[in-house]
Amino acid sequence: MLISDLPINIRVKLLGNKKAVLQLEHILLTLCGFGLARVGPTMDAKKVTSVELQYFYLSRSGYLRDTSTSQKGYCRVSMPIDQYTKYEYTFYTMDDVIYYWHHLRAIVQSTPLSFRMETSQEDVRLYKKYTIGMFDRSQIVKSFEDLSTTFLPILPHDGCAGFDSSFFV
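The numbering of the sequence shown is full-length UniProt numbering, which starts it at 1 and goes up by one.
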């Protein structure tokens, strides 16, 4: 998917507003971190590519971990992530996508995180890791030869729902 592949009325509004383009890029990169999308490779690795020219591959599936049984914490779940129940999703219809987001919201609301008193010093600075354009994109690049349709979330899977704790989901 490229921005130029979008319908003309949406594309004109986006390209006329640089702030909207940056917000769209941030949302797409967050989806990459969740394992729901990947960035296509750039033709010239030395050249910075604007978001208008980047390819984004959307995943046809995803998964969530039910971390609602975790102990209180700040941004990390208490048990190893493999001990939580895994729910797998395949996105055939819009209802499948909506069901995924509703289940994610339920898991986030029932996982006892965000307790500031339970934090360690290294957790305090984690919120800056995924600010716009500030993380290692090599983890989310998908080559043209890779035909897989399922992507894994960015490591480590130590946060709510099995995502990186730096997302503060």
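The C-beta atom is built at its ideal place from N, Cα and C for all residues, glycine as well. In this text the structure is predicted, and so the values were computed from the model without any measurement.
From the listed residues Ser68, Thr149, Lys142 and Ile140, the smallest Cα separation to Lys86 is found for Ser68. Following the DSSP letters along the chain, one finds Val21 inside the alpha helix (DSSP H) bounded by residues Lys18 to Gly33. Here Phe56 carries a strand assignment [DSSP, helix/strand/coil]. Just so you know, the alpha carbons of Leu6 and Leu28 end up roughly 14 Å apart. Of the candidates Ala20, Pro156 and Asp146, Asp146 places its Cα closest to the Cα of Gly40. Burial is judged here by how many other beta carbons sit within 10 angstroms of a residue's own beta carbon; Ala20 has fewer than 16 and is exposed. By the neighbour-count criterion, in which 16 or more other beta carbons inside 10 Å mark a residue as buried, His102 falls on the exposed side. Here DSSP, grouped into helix, strand and coil, assigns Arg76 to coil.
Where Val39 is concerned, the enclosing beta strand (DSSP E) starts and stops at Ala37 to Val39. Around the beta carbon of Lys142, 16 or more other beta carbons sit within 10 angstroms, so the residue counts as buried. With fewer than 16 other CB atoms across the displayed protein chains lying within 10 angstroms of its CB, Thr93 is exposed. For Tyr100, the enclosing alpha helix (DSSP H) starts and ends at Met94 to Ser110. With a cutoff of 7 Å on beta-carbon distance, Ser70 and Thr111 are scored as near each other.
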